[in-house]
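Heads up, the thing below is written out as structure tokens.
There are 2 protein chains.
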Amino acid sequence: MKQRMDYSAANCSVAAALSVVGEKWTLLVLREAFYGIKRFDEMQKVLGCARNVLSDRLATLVEAGILERSHYREHGQRERPEYHLSKKGSDLFVVLLALMQWGDQWLAKDGEPPVAVLHNGCGLAVFAEMRCADGHGPLTAKDIYAKPGPAAILNRRNDEVIGTVEGPRGDA
Amino acid sequence: MKQRMDYSAANCSVAAALSVVGEKWTLLVLREAFYGIKRFDEMQKVLGCARNVLSDRLATLVEAGILERSHYREHGQRERPEYHLSKKGSDLFVVLLALMQWGDQWLAKDGEPPVAVLHNGCGLAVFAEMRCADGHGPLTAKDIYAKPGPAAILNRRNDEVIGTVEGPRGDA
Chain A
2 MKQRMDYSAA NCSVAAALSV VGEKWTLLVL REAFYGIKRF DEMQKVLGCA
52 RNVLSDRLAT LVEAGILERS HYREHGQRER PEYHLSKKGS DLFVVLLALM
102 QWGDQWLAKD GEPPVAVLHN GCGLAVFAEM RCADGHGPLT AKDIYAKPGP
152 AAILNRRNDE VIGTVEGPRG DA
Chain B
2 MKQRMDYSAA NCSVAAALSV VGEKWTLLVL REAFYGIKRF DEMQKVLGCA
52 RNVLSDRLAT LVEAGILERS HYREHGQRER PEYHLSKKGS DLFVVLLALM
102 QWGDQWLAKD GEPPVAVLHN GCGLAVFAEM RCADGHGPLT AKDIYAKPGP
152 AAILNRRNDE VIGTVEGPRG DA
């Protein structure tokens with residue numbers, strides 16, 4: 002597709018996001034942070050990953066400003082770190098929810114979700130969905146197209162369509 | 002957090018989803034499929050990854066039923082494969098959009114998006130957002146809680162709250 006070939010993937014925000022969180026353990030550490038797990042030993046126990054891997058991932062997430070480190074001390078114990086989500090980290094929840102619902106729909110046994118994610122206000126299930134700024138939706142991939150944005154690196158006019166986003170074959 | 006510790010992460014749909022698409026190149030291959038790139042050589046050119054890596058990732062995505070392989074033949078050339086998104090693959094677009102908007106907001110220079118994702122119908126920007134089944138939203142992490150779902154592996158009552166989803170500190 003010529004249009005796509007004319008613009009650069011060098012500054013893609015998907016790639017940028019994946020360079021920070023695009024590692025399986027990193028997203029699973031975040032999953033536990035969202036479930037309220039704050040302490041190294043608890044996180045290590047639920048994840049079952051090697052301690053040095055967890056230690057690396059927590060350090061990466063703190064350095065990226067996604068988790069914030071504070072400290073607690075239990076009676077008679079030495080001071081230990083705790084990890085809390087920052088606003089930047091909390092904003093990643095929609096990514097995890099989107100992954101979770103795709104896994105529920107396409108990979109879970111009988112499509113039964115292991116975890117129910119619910120709205121505090123009304124107790125109903127919460128979904129990651131796509132809507133436009135005018136509220137149209139929920140949209141699917143075939144309702145959507147992509148254009149170079151303000152920060153695109155390209156050698157073509159800024160109002161040209163890169164390509165329609167590809168829906169399933171035969172749906173067009 | 003005791004509640005979280007009482008239920009298993011063994012059948013988590015986030016982990017299941019990541020075991021299929023949780024690899025940086027895999028998600029970038031999908032990004033190109035959404036932009037309409039179908040052919041190996043074009044994909045290799047825009048991604049700039051090694052040919053054997055791309056070949057592996059395409060095979061994984063076909064095996065997982067996310068991409069479907071068909072064939073084309075240009076005049077005087079041998080038959081070559083093309084890759085199209087299946088419905089299962091197309092449903093992943095919300096994951097990529099959520100990653101993209103997080104990258105735009107938190108990682109892009111001056112918050113300027115390299116790519117604009119727009120609604121076919123009205124041309125306005127499209128967002129991945131969280132809403133409940135009753136349409137309340139857009140919700141943030143602190144509006145949401147998690148409970149064991151129908152397929153949870155746990156040793157506790159099914160109506161107990163696992164934990165509130167953790168918002169940014171101080172927002173509670």
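Chains A and B are the protein sequences, given in the same order. Counting from 2, one number per residue, gives the positions in the first sequence under the numbering used here. Counting from 2, one number per residue, gives the positions in the second sequence under the numbering used here. Note that CB positions come from ideal geometry on N, CA and C, so glycine has one too. Since this is a predicted model, take the numbers as computed values, not measurements.
By the beta-carbon neighbour count (other beta carbons within 10 angstroms, threshold 16), asparagine 53 (chain B) is exposed. One thing to note: alanine 99 (chain B) has its Cβ within 8 Å of the Cβ of alanine 129 (chain B).
Boundaries of the alpha helix (DSSP H) harbouring alanine 99 (chain A): 94-107, taken from the DSSP string. Close to asparagine 121 (chain B), with beta-carbon spacing below 7 Å, are these residues of chain A in chain order: Asp144, Ile145, Tyr146.
In this structure, DSSP gives alanine 153 (chain B) a state outside helix and strand, which the three-state scheme calls coil. Contact between the region 75-87 of chain B and the region 111-129 of chain A is absent, with fewer than three C-beta pairs closer than 8 Å.
If you ignore the 5 residues before and after alanine 34 (chain A), its C-beta comes within less than 6 Å of the C-beta of Leu86, all in its own chain and listed in chain order. Around the Cβ of serine 14 (chain A), a 10 Å sphere holds 16 or more other Cβ atoms; the residue is buried.
Lysine 148 (chain B) carries a strand assignment under DSSP once its states are collapsed to helix, strand and coil. Exclusion of the five residues before and after leucine 97 (chain B) leaves Leu28, Leu31, Arg32, Phe35 as the residues of its chain whose Cβ lies within less than 8 Å of its Cβ.
Look at alanine 134 (chain A) here: in three-state DSSP terms it is coil, with no helix or strand label. Contact annotation, leucine 125 (chain A) with alanine 134 (chain B): C-beta distance approximately 4 Å; criterion of less than 8 Å satisfied.
For tryptophan 103 (chain A) and leucine 19 (chain A), the gap between their C-alpha atoms comes out near 18 Å.
Setting aside the 5 residues that flank it on each side, serine 71 (chain A) is surrounded in the same chain by Glu83, each with a C-beta closer than 6 Å to its C-beta; the list follows chain order. When the beta-carbon positions are compared, serine 91 (chain B) and alanine 142 (chain A) come within less than 8 Å of each other. With a threshold of 8 Å between beta carbons, tyrosine 73 (chain A) makes no contact with chain B. Across the structure, valine 21 (chain B) and alanine 147 (chain B) are spaced so that their CA atoms are roughly 24 Å apart.
Looking only at A:Thr61, A:Asp105, A:Arg81, the smallest Cα-Cα distance to alanine 153 (chain B) is reached by A:Asp105. In this model, methionine 44 (chain B) and isoleucine 38 (chain B) are separated by some 6 Å (Cα to Cα). Under the three-state reduction of DSSP, arginine 79 (chain A) is assigned to coil, being neither helix nor strand.
Sequence-distant partners of glutamate 24 (chain A) (beyond 5 residues in either direction) whose C-beta falls short of 7 Å from its own C-beta are missing from its chain. For the C-beta of histidine 137 (chain A), the chain B residues within less than 7 Å are, from N- to C-terminus, His120, Gly122, Cys123.
Serine 71 (chain A) has A:Glu83 as its beta-bridge partners, per DSSP. When beta bridges are read from the DSSP output, leucine 59 (chain A) appears opposite no residue. Boundaries of the alpha helix (DSSP H) around alanine 16 (chain A): 14-22.
By the rule that beta-carbons nearer than 8 Å mark a contact, threonine 61 (chain A) does not touch chain B.
Taken in chain order, the members of the region 76-108 of chain B whose beta-carbon sits within less than 9 Å of a beta-carbon on chain A are His85, Leu86, Ser87, Lys88, Lys89, Gly90, Ser91, Asp92, Leu93, Phe94, Val95, Val96, Leu97, Leu98, Ala99, Leu100, Met101, Gln102, Trp103, Gly104, Asp105, Gln106, Trp107, Leu108. Per DSSP, the continuous alpha helix (DSSP H) segment holding leucine 31 (chain B) begins and ends at 25-35. Going by beta carbons, isoleucine 145 (chain B) and valine 95 (chain A) fall outside the 8 Å limit.
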